[in-house]
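First up is the structure itself, then whatever we jot down about it.
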Amino acid sequence: MVQAPAPIYLDHAATTPLCAAARDALQACLAAPLGNPSSPHGPGQAAAEWIDAAARRLAGVIGAQPEEIVWTSGATEATNLALRGVAEFAARGHKGAARPAHIISCETEHSATRDTLKALAERGTRITWLGVDEQGRIDLAELDAALDEASDLVSLMHVNNETGLIHDIPAVAEICQRRGVPLHVDACQSLTRLPIDVAATPIALMSMSAHKIGGPPGVGALYVRRRPRVGLAPQIIGGGQQKGRRAGTLATHQIAAFGVAAETAAAERETQQARYRGLSERLWQGLSAIDGVTANHAAGEDRAAPFVNVSVAGVHGEALRAGLAYGAPNIALSGGSACSAARGASSYVLRAMGRTPAAAAASLRLTLGPEIDEAIIDTTIARIAAEITRLRRIAGQA
Amino acid sequence: MSAQRPVMARFLAPARAALDIDIGGWHGEHVQGTPGADAWCRVLVQRDDAHSYRARFLAFGPPGVIAAADWLCEQVEQRGLEAALALTAADVEKALALAADERHIGLLVIDALTATGAHLGR
Ligand SMILES: Cc1ncc(COP(=O)(O)O)c(C=O)c1O
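Protein chains in written order, with this note's numbering: chain A, 1 to 398; chain B, 399 to 520.
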């Protein structure tokens, strides 16, 4: 019997496979007789030790103190806590009389930020949306001009989840600090891919997620700077865990695995990212040789190494992605983010960058991970070229 | 994305896509899909003799459009043109187990065959 060729997974920006070290930590926690980490007895304290170790590990990766880590169910919750927490705190009137909060963000943010800000706007928060150029970059002068006395927060992602564009967070943080406005960073796609040091960069709040870096899904964290401290109203109230910043019994096994995954990926960062740079360049070179393929990812060093994003002229995006996903070998990739693909809408990120709706709809995002090598890249290029040709021939174009 | 099996199997291997023919000698009109659906279809039919037909298609659109066009061409060849012209969008939907948000697909391919039928009748 002919064996089906092994499927190719090129969707590491959507989620990564669990790394071995994280799996070991998960299993060790699930096998151990652990109690509730809030309990003062032995089994409880054994769980608390796993969590403390995870906080030290994650904090170590970003240059923070362990007490500055607030565990959440993922980056979406971390971002909700940051944005809603700041808006609610501001609306209570800490900067003088009670007044609506003002938050500055960008049109190409992940929906966790974008939709949370839209919901806040409906309830009176003033939002300033910064536009982007065709590479997805904001204009720092425009950011500076958008800040005023009453601004409460700037929220910006570090690496865009569709194009891999790197925002210059140190420069943004410098402007925010000079203007006295706290900065929230969505570091979902940059954690362990780019160096991040909150000791050197004045970031007030930072969202992180385990399942983007080899950890399990369903766990994330918000870094909350202690000094200067940003006012944050808790969004999940209950048993007072995590000093009241986010209530609820902590998921020891997931948190332990997150800490280990972060430490492992950070230790491998330089070698892995250099490898991804070479592989994604090879992938782009191969794809760019196909007629009608154009880049949506940023050029050169402005792009995080694992990302390639292209638009393909003369094919229907859904047909192309389905052909790749279900033909042989199966190629798992995405068009736009996994979230917007579920809603069937073409990428608002690419449209904000000035791409036509057709180009945005016929886009492929390929993101690399540890198991990808040159042979897989070459198979992928050949497979995408063949699928494009097949669809164009069905449309009588080739 | 429609991952339903009948659609996917045909989409991945549409036996009646017009890949192997010179469409010059075939009848068929380019029919645009519902605005916004970003799809079109052209059903090409050739009469072999009084009762038998050959059918091919050209199409652009999501997998469902290609699968539905392929199915409809098969119906023309198996049932004859008149019987195929009596099919409705609901028949297409049922045969391919299309989802509610894929209704426009049945209409598109039926419209494409109707246009071809009119062309042949001329
Ligand atoms: C940039 C960015 N922010 C936020 C999220 C949401 O993360 P989570 O799945 O942990 O809620 C994602 C993942 O989809 C992302 O890529």
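Every residue gets a Cβ at the ideal spot worked out from N, C-alpha and C, and that includes glycine.
Assuming residue i and residue j make a contact with CB atoms under 8 Å, what is their CB distance in whole Å?
i        : j        : result
GLY220/A : MET208/A : 6 Å
ILE103/A : LEU153/A : 5 Å
LEU83/A  : SER155/A : 6 Å
ILE196/A : ASP302/A : Going by Cβ atoms, the distance from ILE196/A to ASP302/A rounds to 17 Å, so no, they are not a contact pair.
GLN235/A : GLY93/A  : Rounded, the Cβ-Cβ distance is 19 Å, inconsistent with contact.
ILE503/B : VAL463/B : 5 Å
ARG365/A : ASN309/A : 5 Å
LEU222/A : LEU250/A : Rounded, the Cβ-Cβ distance is 14 Å, inconsistent with contact.
Please report the straight-line C-alpha distance between residue i and residue j, rounded to a whole angstrom.
i        : j        : result
VAL159/A : GLY314/A : 29 Å
ALA516/B : GLU491/B : 23 Å
PRO17/A  : ALA257/A : 13 Å
GLU142/A : GLU149/A : 16 Å
LEU26/A  : HIS253/A : 5 Å
GLU386/B : PRO461/B : In the structure as shown, chain B starts at 399 and stops at 520, and residue 386/B therefore has no counterpart that could be examined.
ALA14/A  : VAL312/A : 21 Å
GLU107/A : TRP284/A : 26 Å
GLY292/A : THR128/A : 36 Å
ASP468/B : PRO412/B : 6 Å
LEU194/A : GLN272/A : 11 Å
ARG57/A  : GLN3/A   : 42 Å
ARG245/A : ALA78/A  : 11 Å
ALA75/A  : ARG114/A : 13 Å
ASN161/A : ALA498/B : 31 Å
GLY431/B : ARG452/B : 23 Å
GLY522/B : LEU518/B : No information on residue 522/B is available, as it lies outside the stretch 399 to 520 that chain B covers here.
ARG178/A : VAL198/A : 16 Å
SER151/A : GLY240/A : 30 Å
Enumerate in chain order the residues of its own chain whose CB-to-CB distance from residue i is below 7 Å, with the five nearest sequence positions on each side excluded.
i        : result
PRO100/A : ALA91, GLY124, THR125, ARG126
ILE213/A : THR16, LEU191, THR192, ALA261, ALA262, ALA265
ASP11/A  : ALA332, LEU333, SER334, THR367
HIS211/A : THR15, THR16, PRO217
ILE381/A : LEU283, GLY286, LEU287
HIS297/A : THR163, GLY164, ARG303, PHE307, VAL308, ASN309
Checking 8 Å against the spacing of the C-beta atoms, do residue i and residue j come in under that value?
i        : j        : result
GLN242/A : TRP50/A  : no
PHE455/B : VAL441/B : yes
PRO306/A : GLY215/A : no
ALA52/A  : PRO66/A  : Here residue 52/A is Asp; the residue named in the question, Ala, does not match the sequence. Cβ distance < 8 Å, so ASP52/A and PRO66/A count as in contact.
ASP68/A  : VAL224/A : It is Glu, not Asp, that sits at residue 68/A in the sequence shown. Yes. Within cutoff.
GLY323/A : ALA361/A : no
ALA493/B : LEU505/B : no
VAL507/B : LEU470/B : yes
ALA385/A : ILE290/A : yes
MET353/A : GLY136/A : yes
ALA448/B : ARG408/B : no
LEU350/A : ALA359/A : yes
GLY63/A  : ALA200/A : yes
ALA171/A : LEU140/A : yes
Confirm the yes/no value for this check: CB of residue i, any heavy atom of ligand 1, distance under 7 Å.
i        : result
MET157/A : yes
GLY74/A  : yes
SER209/A : yes
ALA265/A : no
THR128/A : no
GLN189/A : yes
ASN80/A  : no
ALA386/A : no
ALA416/B : no
ASP186/A : yes
GLY323/A : no
ALA112/A : yes
GLY220/A : yes
ALA375/A : no
ALA484/B : no
ALA59/A  : no
ALA398/A : no
ASN296/A : no
ALA13/A  : yes
ASN161/A : yes
Might you give, ordered along the chain, the residues of its own chain that have their beta carbon closer than 8 Å to the beta carbon of residue i, omitting 5 neighbours on each side?
i        : result
ALA398/A : THR389, ARG392
LEU120/A : LEU83, ARG84, ALA87, ALA101, ILE103, ILE127
ARG226/A : GLN65, GLU67, GLU68
Spatial neighbours of residue i within its chain, please: C-beta separation below 6 Å, excluding the five flanking residues on both sides.
i        : result
LEU30/A  : HIS253
TYR9/A   : ALA332
ALA55/A  : PRO66, ILE69
ALA482/B : GLN473, VAL474
CYS188/A : ALA75, SER209, LYS212
SER346/A : PRO357, ALA360, ALA361
THR294/A : SER311
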